[in-house]
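A short write-up of the structure that comes next.
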Amino acid sequence: MSDGDKLQRQFDALVIGFVAPLVTGGMVTVDRPLAPGAITYFEHATSTDSLADHEIYDQLHRHASSLAPIRNVPWPDRDLILLAMASYDLVLITDPKLDRLFARGHRERIADWVAEIIEAVAPPNTRADALARHALLDPLPALRRKDVVAKSWAYTYRFIGRPTNSGLLTRPVMGDFRKQENLIDVEALWAKVDAEAGLATLSRLRQLLSRSPVTELLRLDLCERFRFGLATLAVLSDDAIRGGIAREIVARGEWKAAPRLGRALGDPILQHAPPAHLYYALALCFESQMTATLDVPGPGLPDHLDLSDRDVARYAAVLPAFFDDETMLDEVRAFDDDDRGVVQERCARLASALPPGVLDEVAPLVRRCQRPAPRSSAPLPEVRP
């Protein structure tokens with residue numbers, strides 16, 4: 003078999019066996035590791051299964067456009083394929099038989115390959131690019147490995163992340179087998195690999211998510227050291243994406259995101275950021291709270307937010323700080339009188355419930371931030387973040 007044939011087989015394994023089921027909710031399969039150099043072939047390759055490519059495109063477009071309107075998604079393109087390669091290798095690292103199937107120490111090499119692949123991914127530069135990355139990576143942390151233990155009176159077989167051998171288990175001489183199935187979250191598998199081999203796979207997962215700012219913002223539970231970096235702020239400069247992220251944060255549980263967003267607002271680097279950059283970070287917190295406030299009947303305090311946590315309190319302080327600042331009147335006027343009344347009452351309750359000094363910490367940030375003038379020449383569906 004030629005080198006080209008081998009690379010085509012690997013590309014098909016990536017697209018047909020991994021990406022297609024990942025985005026459609028099927029069962030992903032991983033086999034041989036993908037080296038960083040394979041991208042030279044992959045970025046120009048075409049899958050031998052056109053149906054799989056169509057399914058991937060449709061699912062990426064459907065998931066991406068649920069957050070903000072787009073015409074199309076850039077599948078396949080170099081950066082999406084790189085993200086898929088890194089995801090594939092990260093999942094492969096969890097295979098307990100890896101060092102038995104390949105040379106000992108191969109697991110460490112694959113971990114290094116993952117880091118190298120991630121490093122090659124450029125920041126997103128269009129709305130479609132940013133949203134397509136999220137559509138690809140969002141299902142990754144939800145993967146689970148299916149382990150099966152089959153026992154008879156005489157034999158025990160374990161199928162760890164592999165299909166059961168029906169021919170073996172149905173032989174009369176083997177007796178009747180009882181099967182016990184166990185589904186293990188891939189996050190737990192990565193944590194186990196890190197504990198046993200020290201490969202920092204969870205750290206590499208966070209690096210991978212940072213190449214998809216939308217996913218990073220929606221999976222802050224996985225990003226303990228989240229900061230508002232330039233790529234994230236660039237994506238948040240798109241009003242449509244920012245609004246979609248705010249709605250999704252609330253839908254997934256505002257309380258999960260609040261501590262990390264509040265901690266990021268306290269980052270000294272952000273406090274000295276340009277006024278426009280500061281606005282994008284604060285606007286996400288404001289819009290998320292507005293969505294949560296108007297989705298919950300009555301003017302009471304936000305449910306599930308622990309205001310005794312200073313990071314959570316810093317996040318919550320953005321809402322009353324916006325309403326108290328005259329420069330944010332345009333944001334406040336965007337709501338009708340009834341909604342504004344509900345929010346104002348909640349702001350008053352929040353302001354009195356926040357720990358001392360938190361509102362005084364956030365208010366100067368709101369005063370210093372500045373909403374940039376709208377770019378009238380930008381095409382609506384494909385705004386450059």
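So the mapping is simple: our numbering equals the position in the sequence shown, first residue as 1, plus 2.
Heads up, the beta-carbon is just placed ideally off N, CA and C, and yes, glycines get one too.
From what residue to what residue does the alpha helix (DSSP H) around residue i run?
i: GLN291; result: 277-297
i: LEU220; result: 215-220
i: GLN1; result: Outside the shown range of the chain, which is 3 to 387, sits residue 1, and nothing can be said about it.
i: GLY246; result: 241-267
i: LEU307; result: It is not in any alpha helix (DSSP H) - LEU307 carries neither H nor E in the DSSP assignment.
i: VAL93; result: 80-94
i: HIS63; result: 52-67
i: PHE13; result: 5-16
i: GLN209; result: 203-212
i: ASP114; result: 108-121
For the beta strand (DSSP E) that contains residue i, what are its first and last residues?
i: VAL150; result: 146-153
For residue i, which residues does DSSP report across the bridge?
i: LEU224; result: None; LEU224 has no bridge partner.
i: LYS181; result: ALA152
i: ASP187; result: ARG146
i: PHE161; result: VAL150
Alpha carbon to alpha carbon, what distance is there between residue j and residue i?
i: VAL123; j: ALA319; result: 36 Å
i: HIS136; j: PRO357; result: 35 Å
i: ALA294; j: SER212; result: 25 Å
i: VAL150; j: ILE58; result: 29 Å
i: GLU218; j: CYS225; result: 7 Å
i: LEU222; j: ALA259; result: 6 Å
i: ALA70; j: THR128; result: 12 Å
i: GLN273; j: LEU307; result: 24 Å
i: MET87; j: VAL314; result: 36 Å
i: ARG11; j: ILE72; result: 32 Å
i: LEU235; j: PRO125; result: 11 Å
i: VAL93; j: TYR317; result: 34 Å
Got a sec? Which residues, its chain only, sit under 8 Å from residue i by beta carbon, not counting five neighbours each side?
i: ARG254; result: LEU220
i: SER67; result: LEU133
i: LEU9; result: ALA40, TYR43, PHE44 and ALA47
Should residue i be labelled buried (16 or more other beta-carbon atoms within 10 Å of its own) or exposed?
i: ILE251; result: buried
i: MET292; result: buried
i: ASP341; result: exposed
i: PRO366; result: exposed
i: HIS46; result: exposed
i: PRO277; result: exposed
i: ILE436; result: Missing from the structure shown is residue 436; the chain here goes from 3 to 387 and no further.
i: LEU16; result: buried
i: LEU185; result: exposed
i: PRO304; result: buried
Going along the chain, which residues of its own chain have a beta-carbon closer than 7 Å to the beta-carbon of residue i, five neighbours each way excluded?
i: LEU62; result: VAL25, VAL75, TRP77, ALA134, ALA137 and LEU138
i: ALA199; result: ARG109
i: LEU284; result: VAL320, LEU367, VAL368 and CYS371
i: VAL175; result: Caution applies to VAL175, whose pLDDT of 49 falls short of 50 and renders its modelled position unreliable; the value that the coordinates give is listed next. Here the set comprises nothing.
i: LEU280; result: LEU272, LEU367, ARG370 and CYS371
Which same chain residues end up closer than 6 Å to residue i when comparing Cβ atoms and leaving out the 5 residues on each side of it in sequence?
i: GLN209; result: ILE120
i: ALA22; result: ALA54, GLU57 and ILE58
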